[in-house]
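Trainee: In terms of the numbering used here, the sequence shown opens at residue 13 and continues consecutively.
Cβ coordinates follow ideal geometry from the N, Cα and C atoms, glycine included.
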Amino acid sequence: MAGTVFVSGGSGYIAGFLIRQLVEQGWTVHTSIRDLVKESAVRASLGVDDSRVKFFAADLMGDAGWAEAMAGCSHVAHVASPLPASAPRHEDELIVPAREGALRALRAAKATGVKRFVMTSSMAAVAYGHGPGKSRFTEDDWTNVDSPDAYAYVKSKTLAERAARAWVAEQGGGIEFCTVNPVLVLGPLQSGDYSTSLEAIKKMLEGALPGLPNFGFGVVDVRDVADMHVRCLTAPDMAGERFLCSGPFLWMREIADILRAGLSPQARKVPKRRLPDWLVRLSARFDPVVRQVIGELGHERDADTSHARTKLGWTARPAEDSILDTARSMIELGIVKV
Ligand code: NAP
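#1: Between which two residues does the alpha helix (DSSP H) harbouring residue 217 extend?
#2: Starting from residue 89, trace the beta strand (DSSP E) in both directions and tell me its first and last residue.
#3: Less than 8 Å between the CB of residue 5 and some heavy atom of the ligand NAP, yes or no?
#4: Exposed or buried, what is residue 39 when buried is set at 16 or more other beta-carbons lying within 10 Å of its beta-carbon?
#5: Count the other CB atoms within 10 Å of the CB of residue 122; is the residue buried (16 or more) or exposed (fewer)?
#6: Any chance the CB of residue 169 is under 8 Å from a heavy atom of the ligand NAP?
#7: What residue ranges within the region 54 to 114 form continuous alpha helix (DSSP H) runs of no fewer than 4 residues, ordered along the chain?
#8: Taking 8 Å as the cut-off, is the beta-carbon of residue 6 closer than that to any non-hydrogen atom of the ligand NAP?
#9: Alpha helix (DSSP H) containing residue 250: first to last residue?
#10: Could you check what DSSP says for residue 335 in three-state terms: helix, strand or coil?
#11: The alpha helix (DSSP H) spanning residue 47 covers which residue range?
#12: Which residues mark the beginning and the end of the alpha helix (DSSP H) in which residue 269 is found?
#13: Less than 7 Å between C-beta atoms, sequence neighbours within five positions excluded: which residues of the same chain meet that for residue 52?
#14: Please go through the region 130 to 218 and give each complete alpha helix (DSSP H) segment of 4 or more residues, from N-terminal end onward.
#15: Can you check which of these residues, 246, 205, 111, 34, is closest to residue 179 by C-alpha distance?
#16: Any heavy atom of the ligand NAP within a distance shorter than 8 Å of the CB on residue 46?
#17: Taking only three categories from DSSP, how would you classify residue 16?
#18: Under the assumption that residue 10 contacts residue 33 (Cβ atoms under 8 Å), give the Cβ distance between them as a whole number of angstroms.
#19: According to DSSP, simplified to helix, strand and coil, what is residue 261?
#20: Could you check whether the Cβ of residue 176 sits closer than 8 Å to any heavy atom belonging to the ligand NAP?
#21: Can you tell me which residues form a DSSP beta bridge with residue 286?
#22: Return the CA-CA distance between residue 64 and residue 35, expressed in angstroms with no decimal places.
#23: Tell me the DSSP bridge mates of residue 230?
#24: Does the Cβ of residue 50 lie closer than 8 Å to at least one heavy atom of the ligand NAP?
#25: Determine the extent of the alpha helix (DSSP H) in which residue 318 is found, giving its start and end residues.
#26: Indicate, with yes or no, if the ligand NAP has a heavy atom lying under 8 Å from the CB of residue 25.
#27: For residue 311, which of helix, strand or coil comes out of DSSP?
#28: Check whether the Cβ of residue 71 lies closer than 8 Å to any heavy atom of the ligand NAP, and answer yes or no.
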């Protein structure tokens, strides 16, 4: 099955891998970027046949361009959403573009007769604000945005997914809507413009961390995230579906062990010593980035992916491959000096 598909945020990490896989499978891709000035750079990093990808300008914060970009498309993957490296001054800087952008994309999809709409949500919309006793999550779980655990990005993804589902239920007409909810996305890079999700590996490799805090993440490979999107675009009966997209949960000390075992001398700056929780809590008082994620300390959030495996036939590659491919790409592209 192939045709014409719209992918929002073509400059992004996940969208780049998704566009490549779609073109390989015979699709023609329409994609949006905020400003067409970036088109040639994005085309260069995509490295696919230029005639198979068409660029349009559209911002999550404005109506212009969305309907033109989706004209002639039967399928949509709405991937764009803000993912900043630092804490915003106000949570609305993330919540408003995430939520309003999703609704803009949905309205344009309905107006242009799109049949299937796949939205990139997140584990952030699933696994926060449940208290320390819960560590395993399924598609039935929803983040509690009123919890102190829910920082701005977590709220933005939860409120955007909820708003999109409510809109589809009330006004979606015949659109088949589903979400892909990934954990931390790692894997190879195609350019020096990398997603915030790779920041932890960069900091470990360049010795920017004084030790290893007791943080952990579910890890999934960008190629497998793209593959799940393709499956959601093409599998039958997707209306209302939600899929957790995850490999294993790993503590930072386990990620550090994988880097050391796989890279030997190139991992010499990766810290070995564990940072005590009290020290991490103290540093959160002074560092807004640490403060934002302090609720993650010692908190395991493991995703049950049996639904994706059964319904989509999806599998995740070993996390070691994703972690080492991230590191090798960063070294090859000169993003980190080891
Ligand atoms: P990314 O590389 O930062 O991509 C984000 C994309 O969103 C970029 O194309 C960016 O455009 C676009 N964007 C942001 N604000 C926008 C705006 N106001 N108008 C139009 N476009 C805007 O991050 P990614 O990792 O590929 O993330 C893609 C999606 O996956 C997001 O929805 C994110 O929440 C979700 N996700 C990511 C992870 C992860 O670990 N990476 C995990 C779970 C879910 P510019 O290039 O112009 O900034």
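Mentor: For this structure:
#1: Unbroken alpha helix (DSSP H) run through residue 217: 211 to 217.
#2: Residue 89 -> beta strand (DSSP E) spans 87 to 90.
#3: As shown, the chain starts at 13 and ends at 350. That puts residue 5 outside it, with no answer to give.
#4: Burial call: buried.
#5: Around the C-beta of residue 122, 16 or more other C-beta atoms lie within 10 Å, and the residue is accordingly described as buried.
#6: Checking every heavy atom of the ligand NAP against the Cβ of residue 169, one is found closer than 8 Å.
#7: DSSP runs (the alpha helix (DSSP H)) wholly in the region 54 to 114: 78 to 82.
#8: No information on residue 6 is available, as it lies outside the stretch 13 to 350 that the chain covers here.
#9: Neither: residue 250 is in no alpha helix (DSSP H) and is coded neither H nor E.
#10: Assignment of residue 335 by DSSP, reduced to helix, strand and coil, places it in the helix class.
#11: In the DSSP annotation of this structure, residue 47 is not part of any alpha helix (DSSP H), being labelled neither H nor E.
#12: Judged by DSSP secondary structure, residue 269 falls within the alpha helix (DSSP H) whose first and last residues are 264 to 275.
#13: Nothing listed; no residue qualifies.
#14: Listed in chain order, the complete alpha helix (DSSP H) runs (minimum 4 residues) inside the region 130 to 218 are 164 to 183, 211 to 217.
#15: Of the listed residues, the one whose Cα sits closest to residue 179 is 111.
#16: Indeed, a heavy atom of the ligand NAP lies less than 8 Å from the Cβ.
#17: Residue 16 falls in the strand class under three-state DSSP.
#18: Residue 10 lies beyond the residue range present for the chain, which begins at 13 and ends at 350; the question has no answer from this structure.
#19: Note: residue 261 maps to strand in three-state DSSP.
#20: Checking the Cβ of residue 176 against the ligand NAP gives no.
#21: When beta bridges are read from the DSSP output, residue 286 appears opposite 224.
#22: Rounded to whole angstroms, residue 64 to residue 35 spans 7 Å at the Cα level.
#23: Per DSSP, the beta bridge partners of residue 230 are 261.
#24: The answer is yes for residue 50.
#25: Residue 318 -> alpha helix (DSSP H) spans 318 to 324.
#26: Residue 25: yes, Cβ under 8 Å from the ligand NAP.
#27: Coil, per DSSP.
#28: Relative to the ligand NAP, the beta carbon of residue 71 is positioned inside 8 Å of a heavy atom.
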